[in-house]
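Listed in order, the protein sequences are those of chains P, S and Z. Residue 256 in my numbering sits at position 256 of the first sequence; the count goes up by one each step and never skips. Residue 26 in my numbering sits at position 26 of the second sequence; the count goes up by one each step and never skips. Residue 114 in my numbering sits at position 114 of the third sequence; the count goes up by one each step and never skips. Notes for the one structure printed next.
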Amino acid sequence: MNKLLTISPSPHLYQGDSVRKIMYSVIFALLPALVWSFIVFGMPAVILTLTSVASCLVVEWAIQKYMLKTTPSINDGSAVITGILLAMNMPAGLPVWMIVIGALVAIGVGKMSFGGLGQNPFNPALVGRVFLLISYPVQMTTWPNITNSGVDSVTEATPLALIKEGVNSGQTVPQIMENIPAYRELLLGNFSGSLGEVSAALLILGLLYMLIKKVVTWHIPVTTLATMFVFAAILWKANPEQFADPLFHILTGGAMLGAIFMATDYSSSPMSKSGQIVYSIGIGVITICIRTWGAYPEGISFAILIMNAFTPLINNYMKPKRFGEK
Amino acid sequence: MLKTFKKGGVHPSHNKLTAQKPIEQLPLPKTATFINTQHIGAPSKILVKRGDEIKVGQLIAESGGFVSANIHSSVSGKVAKIDSVIDSGGYRKDAVLINVEGDVWEESIDRSSTLITETSLDKTEIIKKINKAGIVGMGGATFPTHVKLSPPPGMKADLVIINGVECEPYLTSDHRLMLEKGEELMVGITLLIKALGTERAIIGIENNKPDAIEHLKALSKKYKNIEVCPLKVKYPQGSEKHLIKAITGREVPSGGLPIAVGTVVNNVATAISVYEAVMKNKPLIERVVTVTGKHLAQPSNFYVRLGTPVSTLIEAAGGLPENTAKVISGGPMMGRSMVNLGVPVTKGMSGILVFDDAEGHRKPVKSCIRCGRCIVACPMGLEPHLLMTLSEKQMWEKAEEEKIMNCIECGSCSFTCPSNRPLLDYIRLGKSTFGAIIRNRK
Amino acid sequence: MGISLVYTIITVSSIGVTAAIILYFAARKFYVYEDPRIDEIEEALPAANCGGCGYAGCRAFADAIVKDNSIEGKNCPVGGNDTMSKAASIMGLEAVNQTPRIAVIRCNGACEHRPNTRNYEGASTCAIEAMHFGGSTDCQYGCLGLADCVASCDFNALHMDSETGLPVVSDENCVGCGACVKACPKDLIELRKQMPKYRKIFVACRNEDKGAAAKKACAVACIGCGKCEKECKYDAIVIKNNLAFIDSDKCKLCRKCVSVCPTNAIIEENFPPRKIKAEEPEKAGIEA
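In structure tokens, the structure reads:
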């Protein structure tokens, strides 16, 4: 026989999924919400997103090529996801140079400094966002007005910011609510906020796609939102004058985006199902705490980063049930 | 709702190409080779020497201990030599090589096809006959059957489970046996019930074999204490522990044997061999081998004499295709790839699978993205990604704490990994290294 | 503002003082006496933590010396006799001189001598390949070429030769710690007595198959013919299981065995070139 046989240990089959396929499914799931934000915010949003994705790719490529001296693997799609998520966490009016800095921090500090794909303890896009939020608080909280068609130069507060300011200045929640769009509008995305915050419905569509494709399981997104809902409901029942109702909480701000796309990041979330539930409950509780009592109107990005820090601990204690062990 | 085990498992495509191909008898080989380690346990001691005249069914190597098995010649002729031959793993093993002359059987063997259902033999006599016939688990694990049938003192079986799951893709040898030798199987099972002194037996069959389920259900009307249990398709349901879990809900404790929960699992082919050994005095010298692969001209199920070279089987199935990359002994999930095709058919070889270049190569390994799919897939509730890392870093003790020794090596983790990481390779390394550490401690 | 600053300073300082007091008592309560000589010996050791002494690390080695109050049977191959005499003087003991050892690779089955008969694909470590298969060639004893030994070496003394696919020992760097010996699943690496100028003569083969099978698998296999055994005047060569072995403690480096070996399985290294004879022009290649 002239052709040599190949030998390798079992198994000899592969399911056929690859990292790239998974990453592109996530990108596909993000598209509806992203396209809607382009429609709502217009050209600035498009430029912001493209710049963000391009900067993430360039930063990752440059670090892999010149600092780590490895073969760049930017075509696996993970940097594209970070870029899109970073842009979706920004207000549309953000100066373009700022998001380049955000991308540098997200990929450089948040991802590559820990060893790249699969090694990052924190969600890179959130590291970038929080860095920008702390460094440039004014620009990061200047939301364009979208009540008229197209982007208005007049800025508008997000619903969460309205609640926070209102409660701090002594108004009751029902009073503030009069100025806030109806829930139907919140669900469809006719209110102001970051790029990715506007349409809860389209984000849920993305989640359904990922669930069908088995990219994520229901555990993290559903538990996070359910925890937020339950916790907010308890507060609301206790004092409807002081606290917003639960539906308002899960429909506004980054709740959907965070729970569906940010908290589910593979490398920064726990791996066992029980661990994922503990992690998600943590995110939900911390988010509502920051929203109601903290200094910032929105807290899900901080909540996710805090729970990311607990992930190794959760992984260590929340083991799957071993077969044959009591 | 069909039964199955709950945690873990994967769904490789079935690819049962030969499910509708009846078993064909393969002609006698020119030479036959009998390696002295065809089973788990001590190697057998070779009894014959060069030039000896051998009959079919004659004992040529005797069991080398309690956990060991006799080996009989499957052909008649002259012993050409006793030499070391390369086995399917590339290691040299002692073997008896016989030049085939004619087909002369030992007189004691009943070669007729009449079904014998009654026997006056008692428990110990049945086990003795099984031991003498050199029967081992024919599903691939090759654990000597007489050892399984002799529970350690203080333990008692209350249920015999017959493994007709055949959860490995491609393989159909058990499927065909259930269809074509259903009666023999039933008698074999009654013998196993008698040997273990249990009340009843359950045959577990995955429902991708509806014809086998139908057939055996019809037959089981005659045999009061045998039930057929259809199961949902899921790999690795053919693993003893998971089959027991699926059928009875009992969970074999970590590190324990099925007998710890009162069950003994035997393969379909093994049960039929038990029938032949006890009722017909025929030792384990023949078996059904599925020769399959998408590019093979005629994938088939062959009834072959042990010791026949694998190359003969592949020739009979239409010859080795041009672009063959890999030939696997057993199924694609747990089978071993063979180093050359001169190796003989052994007791545990349930299939020969030929893969071409598109299927037969490993894919490039990427870094772990911590997606957790291996954890979801692991039927033993382990964390393969963690075990691989610990094994790579040679942290054997820590790996033991994470229950690396519980791994059944089903390969679900490597199968499911999107980064194509060699998870099972490293877990096996950890298992064998830690196993050696334990042995050194004693 | 001023007052709150004072309060802050007072609170933080008092927490600090309390913690210091607790720590002080805790340290006293949990104090464990340790022989100061353990520290001294550890200081004298090379701190390579290679495990070449057979202990978990330098600290464990020092601990063992002090506990047993003896250096008998204990040797730090990295530090050599200097280190051991230092350790002995700390203990007030006599040092015993040990012969330094050096690693040799007992396989010369480069691709041209030992053709591949199959391709191994799988996790790229020798340990895993050896567990499943005899190797990619017909010799089940030979080097697998996946460099577990190189990975195990802490002293940069091993590298893979890309042409032969075999590991090469850098004599100057090898300290004889034996990490590679443990790493090799085929047991191909041996620690031999270090000779002047790193001269070495050894049988570069572990094949225990019968001559014909060994030769078929690899052109430079030892076939166990016994010519070298007869040739050796110092009883340094023994044939066992179809395989010759040269005892480095008895070998006098006469190089007679090298000349008689029909398969060139015996290798000489770091000798001055011989007067070139017509029948063995390929010798030079093996020496390099």
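Where is the CB? At the ideal position from N, CA and C, for every residue including glycine. If you're wondering where the values come from, they're calculated on a predicted model, not measured in any experiment.
Closest by C-alpha distance to residue i, when choosing among the options
i: C292(Z); options: G57(Z), K193(Z), E94(Z); result: Limits of chain Z in this structure are 1 at one end and 288 at the other, which puts residue 292(Z) out of reach.
i: A325(S); options: P43(S), L191(S), G360(S); result: G360(S)
i: E402(S); options: L313(S), I35(S), I427(S), A69(S); result: I427(S)
i: K222(S); options: M338(S), V187(S), G255(S); result: V187(S)
i: A32(S); options: P22(S), K55(S), A42(S); result: K55(S)
i: R336(S); options: E129(Z), A20(Z), L243(Z); result: E129(Z)
i: V343(S); options: G65(S), H215(S), D87(S); result: D87(S)
i: P262(Z); options: C143(Z), K227(Z), P167(Z), R206(Z); result: K227(Z)
i: T4(S); options: H175(S), P321(S), I247(S), K45(S); result: I247(S)
i: D357(S); options: K347(S), L115(S), L320(S); result: L320(S)
i: I23(S); options: F302(S), H175(S), K241(S), I352(S); result: F302(S)
i: P236(S); options: I438(S), R439(S), E409(S); result: E409(S)
i: I162(S); options: I126(S), A212(S), V268(S); result: V268(S)
i: F143(S); options: P43(S), G154(S), N208(S); result: P43(S)
i: V26(P); options: L4(P), L68(P), G116(P), L85(P); result: L85(P)
i: A125(P); options: N315(P), I81(P), I260(P), K164(P); result: I81(P)
i: V136(S); options: I375(S), P253(S), A271(S); result: A271(S)
Assigned secondary structure, residue i (DSSP; H/G/I helix, E/B strand, else coil)
i: N148(P); result: Summary for N148(P): the model assigns pLDDT 46, below 50, so the residue's position carries little reliability; its value from the coordinates is reported in the next sentence. N148(P): coil per DSSP, three-state reduction.
i: P137(P); result: helix
i: W36(P); result: helix
i: Q237(S); result: coil
i: G52(Z); result: coil
i: V10(S); result: strand
i: E190(Z); result: strand
i: L382(S); result: coil
i: N119(Z); result: strand
i: N99(S); result: strand
Residue i versus residue j - alpha carbon distance
i: G258(P); j: I300(P); result: 6 Å
i: D152(P); j: C56(P); result: Confidence in D152(P) is poor, its pLDDT being 49 and thus under 50, which makes the residue's placement unreliable; the coordinate value appears in the next sentence. In a straight line, the C-alpha of D152(P) is about 29 Å away from that of C56(P).
i: G211(Z); j: C225(Z); result: 8 Å
i: N148(P); j: V10(S); result: Reliability of the predicted coordinates at N148(P) is poor, the pLDDT of 46 falling under 50, and no value is obtained from them.
i: G150(P); j: A45(P); result: The pLDDT assigned to G150(P) is 47, lower than 50, so where the model puts this residue is not dependable; a value taken from the coordinates is nonetheless given after this. Cα to Cα, G150(P) sits roughly 11 Å from A45(P).
i: M1(S); j: I244(S); result: 17 Å
i: L341(S); j: N36(S); result: 18 Å
i: G254(P); j: T292(P); result: 15 Å
i: T312(S); j: A217(Z); result: 24 Å
i: I211(P); j: F66(S); result: Just to set this straight, residue 211(P) is Leu in the shown sequence, not Ile. Computed Cα separation, rounded: 53 Å.
i: K283(Z); j: A399(S); result: Annotation note: pLDDT 43 at K283(Z) (below 50); position unreliable, coordinate value reported separately. Cα-Cα distance, rounded: 48 Å.
i: V310(S); j: M138(S); result: 17 Å
i: H6(S); j: M271(P); result: A small correction: the amino acid at residue 6(S) is Lys; His does not occupy that position in the sequence shown. Going by the C-alpha atoms only, they are around 19 Å apart.
i: T71(P); j: L117(P); result: 13 Å
i: V345(S); j: R305(S); result: 8 Å
i: D247(Z); j: I237(Z); result: 6 Å
i: T354(S); j: C167(S); result: For clarity, residue 354(S) is Val in the given sequence; the question names Thr instead. Approximately 18 Å, taken between the alpha carbons.
* Below 8 Å, can you find three or more Cβ-Cβ pairs linking the segment 16-27 of chain S to the segment 278-293 of chain S? -> Yes: the two stretches touch, three or more of their Cβ pairs being nearer than 8 Å.
* Asked: Of all the beta strand (DSSP E) runs that stay within the bounds of the segment 253-327 of chain S, which reach a length of 3 or more residues?
  -> For the segment 253-327 of chain S, whole beta strand (DSSP E) runs of length 3 or above, ordered along the chain, are 263-267, 286-292, 300-305.
* To do: Give a yes or no on contact between the segment 415-431 of chain S and the segment 361-368 of chain S, applying the rule of three or more CB pairs nearer than 8 Å.
  => Segments in contact, yes.
* **Inter-stretch contact at 8 Å, needing at least 3 Cβ pairs: the segment 81-89 of chain S / the segment 55-63 of chain S** => As far as the Cβ criterion goes, the segment 81-89 of chain S does not touch the segment 55-63 of chain S, which means the pair count is below three.
* To do: Quick one: which unbroken beta strand (DSSP E) runs of 3-plus residues sit fully inside the segment 136-194 of chain S? Chain order, please.
  => Uninterrupted beta strand (DSSP E) stretches at least 3 residues long and entirely within the segment 136-194 of chain S occur at 159-163, given in chain order.
* Asked: Can we say the segment 177-184 of chain P touches the segment 222-241 of chain P, given the rule of at least three CB pairs closer than 8 Å?
  -> These segments do not touch.
* Please confirm if the segment 120-130 of chain P is in contact with the segment 295-311 of chain P, defined as three or more CB-CB distances below 8 Å between the two stretches. => Here the segment 120-130 of chain P makes contact with the segment 295-311 of chain P; the two share three or more CB pairs at distances below 8 Å.
* To do: Assess, as a yes-or-no matter, whether the segment 65-76 of chain S is touched by the segment 93-103 of chain S under the definition of 3 or more beta carbon pairs within less than 8 Å.
  => At 8 Å Cβ cutoff, the stretches touch.
* Spell out a yes or no on whether the segment 40-56 of chain Z and the segment 75-92 of chain Z are touching, meaning 3 or more CB-CB pairs, one atom from each, closer than 8 Å. => Taking one beta carbon from each stretch, the segment 40-56 of chain Z and the segment 75-92 of chain Z have 3 or more pairs nearer than 8 Å; the two touch.
* Asked: Using 8 Å as the threshold, is the segment 190-200 of chain Z in touch with the segment 98-110 of chain Z, meaning 3 or more CB pairs across them?
  -> In this structure the segment 190-200 of chain Z lies against the segment 98-110 of chain Z, because at least three pairs of beta carbons, one per stretch, are closer than 8 Å.
* Enumerate, from N- to C-terminal direction, the unbroken beta strand (DSSP E) stretches of 3 or more residues contained entirely within the segment 141-179 of chain Z. => Fully enclosed beta strand (DSSP E) runs of 3 or longer: 158-160, 167-169.
* Any contact of the segment 275-283 of chain S with the segment 116-136 of chain S, i.e. 3+ C-beta pairs under 8 Å? -> Below 8 Å, enough C-beta pairs join the segment 275-283 of chain S and the segment 116-136 of chain S to call them touching: three or more.
* To do: Tell me, please, whether the segment 276-284 of chain P touches the segment 106-115 of chain P by the rule of three or more beta-carbon pairs shorter than 8 Å.
  => Contact fails: fewer than three Cβ-Cβ distances are below 8 Å.
* Contact between the segment 87-96 of chain P and the segment 122-140 of chain P: three or more CB pairs below 8 Å? -> Yes: at least three Cβ pairs fall under 8 Å.
* Asked: When the Cβ atoms of the segment 386-395 of chain S are set against those of the segment 85-98 of chain Z, are three or more pairs found closer than 8 Å?
  -> As far as the Cβ criterion goes, the segment 386-395 of chain S does not touch the segment 85-98 of chain Z, which means the pair count is below three.
* To do: Can you check the segment 352-432 of chain S for any alpha helix (DSSP H) of at least 4 residues that lies completely inside it and give the ranges in chain order?
  => Listed in chain order, they are 373-377, 384-392, 396-401, 412-416.
* To do: Note down, one range per segment and in chain order, each alpha helix (DSSP H) of at least 4 residues found wholly within the segment 194-276 of chain P.
  => Counting whole runs of 4 or more residues, the segment 194-276 of chain P contains the alpha helix (DSSP H) stretches 200-212, 219-238, 246-251.
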